[in-house]
Amino acid sequence: MTEPILIARDLRKSFNVGGGWFGASDQLHALSSVSFELFPGETLAIVGESGCGKSTLARCLSGLMELTSGSFLVAGRDGRTFIRDDALQFHRAVQIVFQDPYASLNPRRTVSQSIADALRLHRICARGERRARVTDLLLQVGLSGDYLERFPHELSGGQRQRVCIARALAVAPEILVCDEPVSALDVSIQAQIINLLKDLQQRRGIAYVFISHNLALVQQICDRIAVMYLGEIVEMGVAAVMQQTFRHPYSRALFAATPMIGSRKVDQIRNPLAGDVPSPLHPPSGCHFRTRCPFAEARCRDQKPELREVAGRLVRCHFAEEISSNRQSRPRGSLPD
Amino acid sequence: MTALTDFWRKYRRNHTAVFGLLMLIVVLIAATIGPIIYPADPFDMVGRPASPPSARFVLGTDVSGRDMLAGLLHGARVSLLIGFLASLGATLVGLIVGAIAGYYGRAVDTILMRCTDFFLTIPSFILAIVIIAIFRPSVATVTIAIAAVSWPQVARLARAEFIAHRDREYVLACRALGMSDFEIITRQILPNALPSLLVVSSLLVATSILTESGLSFLGLSDPNVISWGYMVGVGRTVLRGAWWMPAIPGIAILLTVLCINLVGEGLNEALNPRLQRR
Amino acid sequence: MSALLQVEGLSVQFPTLRGDVAALEDLSFEMREGETVALVGESGSGKSTAALALSRLIPESTGCIISGRVVFEGRNLLGLPLHELREVRGRRIGMIFQDPMMALNPVFTIGWQLAEPLRKHFGLSNRAARDRAVELLGHVAIAAPEQRIDQYPHNLSGGMRQRVMIAMALACRPSLLIADEPTTALDVTVQAQVLSLIKTLKDELGTAVLLITHDLGVVWEIAQRVIVMYAGRKVEEGTAAHVFDDPQHPYARELLRAAAFASGEGGRLPEIPGSVPSPFEIPSGCCFAPRCTSAREICYAALPPLKSTKHGHEAACVLVGAASP
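Quick mapping for you: the protein sequence lines, in order, are chains A, B and C. Take the first sequence: its position 242, counting from 1, is numbered 241 in numbering that gives the first Met the number 0, and each next residue is one higher. Take the second sequence: its position 109, counting from 1, is numbered 108 in numbering that gives the first Met the number 0, and each next residue is one higher. Take the third sequence: its position 319, counting from 1, is numbered 318 in numbering that gives the first Met the number 0, and each next residue is one higher.
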């Protein structure tokens, strides 16, 4: 049983918004109590919609943002002290690939310059060797040496994303956070990039935190899935076990709403999930999802559900045992706006 | 090299900008070589005062009998020198202030921007006069004074550029690589901010020349050098009779500033692709 | 029943620094009343250009050249004088765009914006238009419409703004709704709400919907007929059932497999090698040939014509009608 390469415990991140010099500011709770483990060579998917905190999580894990509280261990070392005392080493362990390949590369630097920045910063090889290394990295991501002196605007979206992956790989990270890496790409290119990521994972044993809003996609490519809503993980488990049978009402709604070509889902078009995501400034008391949940009862308002093991996965719902895919969504309580 | 040819290709499409550039080159040549091939001392009183353009004095003489052409050529040197140096100084200071304010934000930004606002609220020309009045007027003090009142607009622009870029993903990627702030500011963001700054900088040359002309018109320039503004000031009283005296240096100022503005616009169109029209 | 919309040979060319570019080449299709047709393709397919060209919304300053015919309710829109075209836009053709925040004017209340087409096309008074606007907001399932009507776009969530846009587009009960990527900027659950709304409203009002999207999942949800585009040309057209179950064109086939995240060999996803050709380098012959696994010599030589298999199902490929591999 190998040790997890990444252990997150009770991560919390809040932002102060509004307020001036004198007024009190509001707290925006981007992350509330997020905990999970990631093993070497595996892919953990973080799935959620806007406001769920997945981007904040990505930035905190890659050292771009400081957590308000909670801790995470990277290869056994405490993340905070790791970043503080040995920043360069931390950034060699954890790298990130962003969603927008157009914005992720400096428009005024060539491909080789952008990748060489990583090599130079971390003194990975001697100056004379850099070009050869960059060429090698490009080959690993499926681009030829012809691309060395190109500028980002001369590349397609898929090619730019490959360059970004090459840059992240330059430091040989153990963990790669992929923040919606294919969402901005054409469908036919998405498969190329995902296959590339899979190949690299097999060859190098990198662990991925794969952030996406697309449940259909992650079910195909990820080992474990965590569904997030308003800063919390509401369901988490092995992809093969979760499959089509989600236990948390939000996961079920998300799954029902995700168009899947080739299957017609019963719940979906006829009664889609009502309402909008509540503001993260004032999340509902108790269970955050209760304002839109067809199964909500008084207990959901008074008592916050904990993540507990139900049917082979972790679910944050009081009624997880009773919810199964065979049941239609029958409203038990009132359906608030 | 391809970047340069690419730039020239875009610049070339704007005909007025090319015209402006050519005229500017003419002015620069006149300023550098002129006084060498026409070595007359502009302060020498060599002719009859207030004589109109003639064969001997191509541009006539001023109220004290000084050669206007000599004054024009030497004045070109002074005006252009002060113009370029003041613009350079203002750009450097403005860039540093704006970059730091824009990149770091929060308290640093607030403090630096309040300083900048302070300078902006005082009419720049008046402030320049005050600065020169405190120190003896000379080419150096005039240059410093003009730079001192011009840097705030550069700072504002630089700040806007750095704010726009600091949250872009490529900067985040550099931070995720562990790059230092200094390197991100200088090596990563600065090359992106440079085109806009270059445009403002070039336009600043024009305003600096105008400011300098205004100052020397008021008699606040270096008394040891002739400048165009000084010539306009001297010829002001005889505008009715000997119109060429204030008009000729005035036209020189007008043309030079116009050309610089055309070049600045051309730079803007060539360097800032967003503004390119088909 | 005559067609509501007949597009014949619609082509759009843009002049650029590097020469003329054909963004759309020879698009022809028909729509009947109440039908939902999806124009689907990736970047560079020309679908958005087609949507904008239909009601002449491409700005003149781009210097674009539009040729062909767009016959809507018996009139060629491309030949109409501007004041007549304005009567059609908003009144007979409604349009919703991708980003509701950009499409709504931030300085006017949503009530004012919603009432605008009513005032303009029906000549309603401010009071009457406002009442109707409140009604419309209720129709698109916005709660407490009397309060919302005086709010500004930034007070609303993305899903609500999109619903306001739908209300605006349908205010005058147009016979055709053009929806350009209506749910791309929305979350999945909100997308389901909006799609459900579009479905309900179009059934109620009998509006035909031309849906422009790159998202095959959305097409799967609501389209009755599908037109697949690639590099500015139509490569396949048919009913949704036909195209999804038995795609004839190799590109459509591969695209559907990629979009369905079908499992390929060795746990990999099915890929289409290469990428969409740049509009400056569209290959002669079949534009998909360089990436097609079934390409033959003839594919590079000449543009394959559209061939039909069953009623209404056609594809631009020489292999159409041949035994499936």
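Glycine included, every Cβ here is placed at the ideal spot set by N, Cα and C. Small disclaimer: the values here were computed from a predicted structure and weren't measured.
Checking the DSSP bridge columns, you'll see Ser49 (chain A) has no partner listed. Secondary structure note for Ala29 (chain A): its beta strand (DSSP E) is the uninterrupted segment 25-37. With distances taken between CA atoms, Pro303 (chain C) lies nearest to C:Phe287 out of C:Phe287, C:Gly311, C:His310. Among the residues of the region 241-259 of chain A, those with a Cβ less than 8 Å away from any Cβ of chain C are Ala252, Leu253, Ala255, Ala256, Thr257, Pro258, Met259, in the order of the chain.
For Glu264 (chain B), the enclosing alpha helix (DSSP H) begins and ends at 243-270. Between Thr140 (chain B) and Ile128 (chain B), the C-beta spacing is not below 7 Å.
Around the Cβ of Asp179 (chain C), a 10 Å sphere holds 16 or more other Cβ atoms; the residue is buried.
One alpha carbon belongs to His28 (chain A), the other to Phe14 (chain A), and they sit about 7 Å apart.
Pro246 (chain C) has its alpha-carbon roughly 10 Å from the corresponding atom of Ala240 (chain C). Taking the C-beta atoms as reference points, Val225 (chain C) is found nearer than 7 Å to Ala37 (chain C).
With fewer than 16 other Cβ atoms from the protein chains shown falling within 10 Å of its own Cβ, Trp242 (chain B) counts as exposed. Cβ-Cβ distances below 6 Å link Val69 (chain C) to Val6, Leu53, Leu76, Leu77 in the same chain, with the five nearest sequence neighbours on each side left out; the list follows chain order. The beta carbon of Tyr229 (chain B) does not come within 7 Å of any beta carbon belonging to chain A, so the residue lies off that interface.
Considering only B:Phe216, B:Gln152, B:Gly234, B:Phe118, the residue with the shortest C-alpha distance to Ala98 (chain B) is B:Gln152. Excluding its 5 nearest sequence neighbours in each direction, Gly265 (chain B) has C-beta neighbours in its own chain below 6 Å: Tyr10, Asn13, Ala16, listed in chain order. With a contact defined as Cβ atoms closer than 8 Å, Ala183 (chain A) and Asp99 (chain A) qualify at about 5 Å.
The shortest C-alpha to C-alpha distance from Ala191 (chain C) to any of A:Ala273, A:Leu72, A:Asn194 is the one to A:Ala273.
With 16 or more neighbouring CB atoms inside 10 Å of its own CB, Ala114 (chain C) falls in the buried class. A residue is called buried once 16 or more other Cβ atoms fall within 10 Å of its Cβ, and Trp150 (chain B) is buried on that count. Taking C-beta atoms under 8 Å as the contact rule, Leu104 (chain A) and Val46 (chain A) fail to qualify, at a distance of about 27 Å.
In the three-state reduction of the DSSP assignment, Ser63 (chain B) falls in the coil class. Of all residues in the region 228-262 of chain C, only Phe243, Glu253, Leu254, Leu255, Ala257, Ala258, Ala259, Phe260, Ser262 come within less than 8 Å of chain A when Cβ atoms are compared, listed by chain position. Secondary structure at Lys309 (chain C): coil, using DSSP grouped into helix, strand and coil. Around Val193 (chain C), the same chain offers Gly158, Gln161, Arg162, Ile165, Pro181, Thr182, Leu185 as residues with beta carbons nearer than 8 Å, after the five sequence neighbours per side are excluded.
In the structure shown, Asn75 (chain C) falls within a strand segment according to DSSP collapsed to helix, strand and coil.
Lys233 (chain C) has C:Met228 as its beta-bridge partners, per DSSP. At least one CB atom of chain A sits nearer than 7 Å to the CB of Ala172 (chain B). Using beta-carbon distances, Ile95 (chain A) counts as an interface residue toward chain B, with a partner under 7 Å. Nearest CB-CB separation between Gln201 (chain A) and chain C: not below the 7 Å threshold.
The region 196-204 of chain B makes no contact with the region 126-141 of chain A, as fewer than three CB pairs between them are under 8 Å.
In the DSSP assignment, Ile92 (chain C) falls outside any alpha helix (DSSP H) and within the unbroken beta strand (DSSP E) covering 92-95. CA-to-CA, the gap between Pro38 (chain B) and Met67 (chain B) works out to about 13 Å. Contact residues of the region 19-51 of chain A toward chain C are Glu48, Ser49 (C-beta to C-beta distance below 8 Å). In the DSSP assignment, Met241 (chain A) falls within the alpha helix (DSSP H) that extends over 238-241. Excluding the 5 residues flanking it on each side, Arg149 (chain A) has same chain C-beta neighbours closer than 7 Å at Thr109, Val110, in chain order. For Ala178 (chain C), the enclosing beta strand (DSSP E) stretches over residues 175-179.
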